[in-house]
Every structure is written in C-alpha cells, then in structure tokens.
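First residue of the sequence shown: 224, per my numbering; consecutive thereafter. Accompanying notes for the structure given below.
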Amino acid sequence: MKGKILIVDDQKGVRRLLEELFKKEGWDVKVASDGQEAINMVEERLPDIILMDVKMPNMNGLEASQIILQTHNHVPIIMMTAYGEIEVVKKALEAGVKKCITKPFDIIVLRDMVNNLISEQTA
Ligand SMILES: [Mg+2]
224 MKGKILIVDD QKGVRRLLEE LFKKEGWDVK VASDGQEAIN MVEERLPDII
274 LMDVKMPNMN GLEASQIILQ THNHVPIIMM TAYGEIEVVK KALEAGVKKC
324 ITKPFDIIVL RDMVNNLISE QTA
C-alpha cells in the first residue's frame with residue numbers, strides 16, 4: 224500500500240474515476256461526497272493526502288479544508304478548482320492547501336502531483 228488517500232467530490236463520475244486510478248496505483252482509497260462528510264472521515268481515520276473539490280453541497284471544499292487544516296496542519300491537500308476561481312485558490316493556499324489543480328485536468332498530472340507531494344513529505 225502506498226498510503227491512505229481521501230477523494231472528495233460531489234460528482235459520482237469524478238469520484239469513480241479517481242478512485243479507480245488511485246486504487247490501481249496501490250493506494251488505500253476512501254471517498255466522500257461533500258465537505259462535512261470529508262471532515263467526519265478525517266476524524267475517523269487521518270489520510271496521508273486529500274483531493275478536495277471546491278463546489279459541493281452542504282459544505283464546500285474551501286471551508287472543509289480550512290477546518291481540517293486547523294487540527295491537522297500537516298496533511299497535504301490538493302484542491303480541484305474550476306477555471307477562474309482565483310479568489311478560492313488564494314484563500315486555499317493561505318489556509319495551507321499545498322496545491323491547486325484546475326478542472327478539467329489530466330489525471331496523469333494529478334497522479335504525479337500526488338506522488339511528488341508524498342515524496343516531499345517523507346524526504
Ligand atoms: Mg463539485
């Protein structure tokens with residue numbers, strides 16, 4: 224196992240795609256469909272890395288990341304933003320989000336981003 228990854232997105236198709244990709248890569252994958260669910264899952268079992276969508280019902284990804292980083296400031300979060308969400312990116316990075324990637328993205332780029340963040344953590 225490469226480690227534990229939490230994938231957070233309200234779109235089932237995105238969750239499925241990323242879940243499949245990271246499982247194939249050897250990750251222990253968990254998924255959540257909104258910010259509140261993500262927070263609950265982090266409290267249950269701290270992941271090694273989180274992929275977080277921004278626009279989601281109940282609680283958005285920015286708010287959820289801010290809350291998670293208040294208690295787990297070391298957990299790397301990659302935020303999946305939409306084109307033009309410059310304010311969101313700014314606030315996310317201020318809150319301690321490590322990277323932002325604009326949707327739609329190449330999943331290979333995302334995979335490499337995850338691997339790089341993890342090797343930085345363990346270096
Ligand atoms: Mg969304």
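Where is the CB? At the ideal position from N, CA and C, for every residue including glycine. Given the structure is predicted, the values throughout are model-derived calculations rather than measurements.
Here the alpha carbon of residue 332 sits roughly 10 Å from the alpha carbon of residue 338. Pairing residue 305 with residue 275, the inter-Cα distance amounts to about 12 Å.
In this model, residue 252 and residue 242 are separated by some 6 Å (Cα to Cα). For the options 278, 236, 272 and 240, the alpha carbon positioned closest to that of residue 291 is the one of 272. Between ligand 1 and residue 279, a heavy atom-to-CB distance of less than 6 Å is present. In the DSSP assignment, residue 274 is bridged to 230 and 301. In the DSSP assignment, residue 320 falls outside any beta strand (DSSP E) and carries neither an H nor an E. Beta-bridge pairing by DSSP links residue 254 to 230.
Residue 316 counts as exposed, since fewer than 16 other C-beta atoms from the protein chains shown sit within 10 angstroms of its C-beta. By the neighbour-count definition (other C-beta atoms within 10 Å, threshold 16), residue 288 is a buried residue.
Set against 6 Å, the gap from the CB of residue 329 to the closest heavy atom of ligand 1 is not smaller. By the Cβ-count criterion, residue 335 is exposed, with fewer than 16 other Cβ atoms from all chains shown falling within 10 Å of its own Cβ.
Of the heavy atoms belonging to ligand 1, at least one sits nearer than 6 Å to the Cβ of residue 233.
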